[in-house]
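Asker:
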Amino acid sequence: MAQSYFSNTDNLKMGERSPLEKILDNGFKWFTFAFALSIGLILINIALIVIVAAFPGIREFNFGFFTNSNWNPVTDEYGVIAVVYGTIVSSLIALLIAMHLVVGAAVFLSEDFIPEQIRIVLVFLVELLAAIPSVVYGLWGIFVLIPITNVFGTWLHSNFGWFPLFSSEPAGAGMLPAGILLSIMILPIIIAISRDSLASLPPDLRQASLALGATRWETIFRVLIPSAISGIMGSVMLGLGRAMGETVAATMIIGNANRLSISILDPANTIASLMANQFSEATGLQISALMYAGLILMILTLIVNILAEYIVHKVKAKYE
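Final position of the sequence shown in the numbering used here is 303; the numbers increase by one with none missing.
#1: Output the distance between the C-alpha atoms of I294 and L3, rounded to the nearest integer angstrom.
#2: Give me the Cα-Cα distance between S183 and F107, rounded to the nearest whole angstrom.
#3: Using 8 Å for Cβ pairs, my map puts L159 next to I97. What's the rounded Cβ distance?
#4: In this structure, does DSSP put E264 in helix, strand or coil?
#5: Can you have a look at Q269 and say buried or exposed, based on whether 16 or more other CB atoms are within 10 angstroms of its CB?
#6: When you compare only the Cα positions, how much space is there between G47 and T234?
#7: On a CA-only basis, which of A232, V57, G62, I32 is nearest E43? Give me that one, please.
#8: Just to confirm, are I215 and V86 a CB contact at a threshold of 8 Å?
#9: Which word fits E292, buried or exposed, when buried means at least 16 other C-beta atoms lie within 10 angstroms of its C-beta?
#10: So, A154 versus I237, is the Cβ gap smaller than 8 Å?
#11: Verify the contact flag: G47, CB atom, against every heavy atom of the ligand FMN, threshold strictly below 7 Å.
#12: Spatial neighbours of L78 within its chain, please: C-beta separation below 6 Å, excluding the five flanking residues on both sides.
#13: Write down the C-beta distance between S218 and S177 rounded to the nearest angstrom, noting that I regard them as a contact closer than 8 Å.
#14: Give the straight-line distance between the Cα atoms of A17 and N252, rounded to the nearest whole angstrom.
#15: For the alpha helix (DSSP H) that A384 lies in, which residues bound it at each end?
#16: Given a cut-off of 8 Å, decide if M220 and T284 are closer than it, judged by their beta-carbon atoms.
#17: Give the single residue among I245, I167, G10 whose Cα lies nearest to the Cα of I115.
#18: Give the single residue among W145, T132, N241 whose Cα lies nearest to the Cα of S52.
#19: Near V137, which residues of its chain fall below 8 Å by C-beta distance, leaving aside the five closest residues on each side in sequence?
#20: Could you check where the alpha helix (DSSP H) with D179 kicks off and where it finishes?
#21: Nearest CA to the CA of P250: which residue from A36, L7, D59, T70?
#22: For I282, tell me which candidate among L111, S213, L31, I131 has the shortest Cα-Cα distance.
#23: Grab the span of the alpha helix (DSSP H) containing G228 for me, first residue to last.
#24: Grab the span of the alpha helix (DSSP H) containing N51 for me, first residue to last.
#25: Using three-state DSSP, classify A197 as helix, strand or coil.
#26: Based on Cα-Cα distance, which residue from L26, T15, W13 lies nearest to L278?
#27: For my contact list, E60 and I203 are in at a C-beta cut-off of 8 Å; report their separation, rounded to the angstrom.
#28: Strictly by DSSP, which residues pair up with E60?
#29: Looking at C-alpha atoms only, which residue of D8, S117, A88, E201 is the closest neighbour of L105?
#30: Decide if L290 is buried, meaning its Cβ has at least 16 other Cβ atoms within 10 Å, or exposed.
#31: To the nearest angstrom, how far is it from the Cα of I212 to the Cα of P39?
#32: Straight-line CA distance for N133 to L112?
#33: For G69, which three-state DSSP category applies?
#34: Would you say A81 and I173 are within 8 Å of each other, going by their C-beta atoms?
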């Protein structure tokens, strides 16, 4: 058998593949296709289960679910406008803070500003942040971050209390510390992907730019960053989705108050925190209401992913 196989391969023309290699290639292609298809089927299955479980709530509350801020299991009165607002605003605070640090950190860790040994250690430390459990972040937020934000929030209220976002006095746990904590949690993901996008660029780009007389900073800001902008923007939107779905840390530090308040110094709540706090004790219509809220969170993350693809496509087309 082995002799016949090798004798057949000896008779093959240059570049022609043997029958066994073609079978293995086709098998690998269908094997990977099955795995890719299974991901889509799992996603559809999750969506169907959530929709079926949320259907009694959808039938009961309709679109009034989006305009009501009350959440009272005793009277079966439920609304998600407050937690939707808390989810979006806390995620946007995290994104605004993180975006100011991402590009600088990614450039610093991908270029030769420091010796290679030190840069490897820093990259390891940044990636290590992603491995810290959420509950540890939450505990750090309670004992370290909240006292700091109380001082900062008091200063904001004293000097800018006329502005609606700072119109209330800080009450410890609230939207602002939650947003800051979420920004710290999404930084490792965004920095790691942005750094990989910059590091994977062809060396010819740097060399050609420098050869044409551009300075090092002109090369970074006018050549490298525009070339890697699609990866950087994709990482930012991925971090936004991560912030919207964070549960444990947000639950520990946001205050879990189901009321609608414009001020970011007030306690608030998110959809993920609401489900984490109440699902274990929920019964009857409350379960459907929570699943309805979970369906809304899925739709929000889907919108974020669609928006990310659109932004990446437009930015990439602009620079191409």
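We treat Cβ as the ideally placed atom computed from N, Cα and C, and that holds for glycine.
Answerer: Quick look at the numbers:
#1: Within the sequence shown, the letter at position 311 stands for residue 294. Within the sequence shown, the letter at position 20 stands for residue 3. Using only the alpha carbons, I get a separation of about 44 Å.
#2: For the purposes of this step, residue 183 is taken as the residue at position 200 of the sequence shown. For the purposes of this step, residue 107 is taken as the residue at position 124 of the sequence shown. Those two C-alpha atoms are separated by around 18 Å.
#3: The residue labelled residue 159 in the question sits at position 176 within the sequence shown. The residue labelled residue 97 in the question sits at position 114 within the sequence shown. Not really, about 33 Å apart at Cβ, beyond 8 Å.
#4: Taking the sequence shown and counting its residues from 1, the one referred to as residue 264 is at position 281. In the structure shown, E264 sits in a helix (DSSP, three-state: H, G or I).
#5: As a first step, residue 269 must be located in the sequence shown, where it is residue number 286. Result: buried.
#6: The residue given as residue 47 occupies position 64 in the sequence shown. The residue given as residue 234 occupies position 251 in the sequence shown. Answer to the nearest angstrom: the Cα atoms are 25 Å apart.
#7: As a first step, residue 43 must be located in the sequence shown, where it is residue number 60. Out of A232, V57, G62, I32, G62 has the C-alpha closest to the C-alpha of E43.
#8: For the purposes of this step, residue 215 is taken as residue 232 along the sequence shown, with counting starting at 1. For the purposes of this step, residue 86 is taken as residue 103 along the sequence shown, with counting starting at 1. Closer than 8 Å, so yes.
#9: For the purposes of this step, residue 292 is identified with residue 309 of the sequence shown, where counting begins at 1. That one is exposed.
#10: The residue labelled residue 154 in the question sits at position 171 within the sequence shown. The residue labelled residue 237 in the question sits at position 254 within the sequence shown. The answer is no: Cβ separation not under 8 Å.
#11: The ligand FMN is absent from the structure shown, which contains no ligand whatsoever.
#12: Working through the sequence shown from its first residue, we reach residue 78 at position 95. Result list for L78: L223, in chain order.
#13: Mapped onto the sequence shown, residue 218 falls at position 235. Mapped onto the sequence shown, residue 177 falls at position 194. Their Cβ separation, rounded to whole angstroms, is 5 Å, which keeps S218 and S177 in contact under 8 Å.
#14: In the sequence shown, counting from the first residue as 1, residue 17 sits at position 34. In the sequence shown, counting from the first residue as 1, residue 252 sits at position 269. Approximately 40 Å, taken between the alpha carbons.
#15: Absent from the model: residue 384. The displayed extent of the chain is -16 to 303, so no value can be given.
#16: In the sequence shown, residue 284 corresponds to position 301, counting from 1. In the sequence shown, residue 220 corresponds to position 237, counting from 1. It is not a contact, given that the beta carbons lie outside the stated cut-off.
#17: Translated into positions along the sequence shown, residue 115 becomes position 132. When only C-alpha atoms are compared, the closest one is I167.
#18: Numbered from its first residue, the sequence shown carries residue 52 at position 69. Selected option, being the one with the closest Cα: N241.
#19: Residue mapping note: residue 137 aligns to position 154 of the sequence shown, counting from 1. Here residue 137 turns out to be Thr, not Val, going by the sequence shown. Once the five neighbours on either side are set aside, the close Cβ partners of T137 are E152, P153.
#20: Within the sequence shown, numbered from 1, the residue matching residue 179 stands at position 196. Segment 158 to 182, the alpha helix (DSSP H) holding D179.
#21: If you number the sequence shown from 1, residue 250 lands on position 267. Of the candidates A36, L7, D59, T70, the one whose C-alpha sits nearest the C-alpha of P250 is T70.
#22: Here residue 282 refers to the residue found at position 299 of the sequence shown. Among L111, S213, L31, I131, the Cα nearest to that of I282 is on L31.
#23: The residue you call residue 228 lines up with position 245 of the sequence shown. It spans 212 to 228 - the alpha helix (DSSP H) in which G228 sits, taken as one unbroken run.
#24: Taking the first residue of the sequence shown as position 1, residue 51 is located at position 68. Per DSSP, N51 belongs to no alpha helix (DSSP H) and is neither H nor E.
#25: The count along the sequence shown starts at 1 and reaches residue 197 at position 214. Reduced to three states, the DSSP call for A197 is coil.
#26: For this step, residue 278 is matched to residue 295 along the sequence shown. Nearest C-alpha to L278: L26.
#27: One-based indexing of the sequence shown puts residue 60 at position 77. One-based indexing of the sequence shown puts residue 203 at position 220. Contact flag wrong, Cβ pair sits at about 55 Å.
#28: As a working note, residue 60 is residue 77 in the sequence shown. Beta-bridge pairing links E60 to N55.
#29: The residue labelled residue 105 in the question sits at position 122 within the sequence shown. Comparing Cα positions, the closest option is A88.
#30: Indexing the sequence shown from 1 puts residue 290 at position 307. Answer is exposed; the Cβ neighbour count stays below 16.
#31: Translated into positions along the sequence shown, residue 212 becomes position 229. Translated into positions along the sequence shown, residue 39 becomes position 56. Taking the straight line joining both Cα atoms gives about 44 Å.
#32: Here residue 133 is taken as the residue at index 150 of the sequence shown, counted from 1. Here residue 112 is taken as the residue at index 129 of the sequence shown, counted from 1. Using only the alpha carbons, I get a separation of about 24 Å.
#33: To locate residue 69, count along the sequence shown from 1; it is residue 86. Three-state DSSP puts G69 in a helix.
#34: For the purposes of this step, residue 81 is identified with residue 98 of the sequence shown, where counting begins at 1. For the purposes of this step, residue 173 is identified with residue 190 of the sequence shown, where counting begins at 1. Against a cut-off of 8 Å, the Cβ pair of I173 and A81 comes out as a contact.
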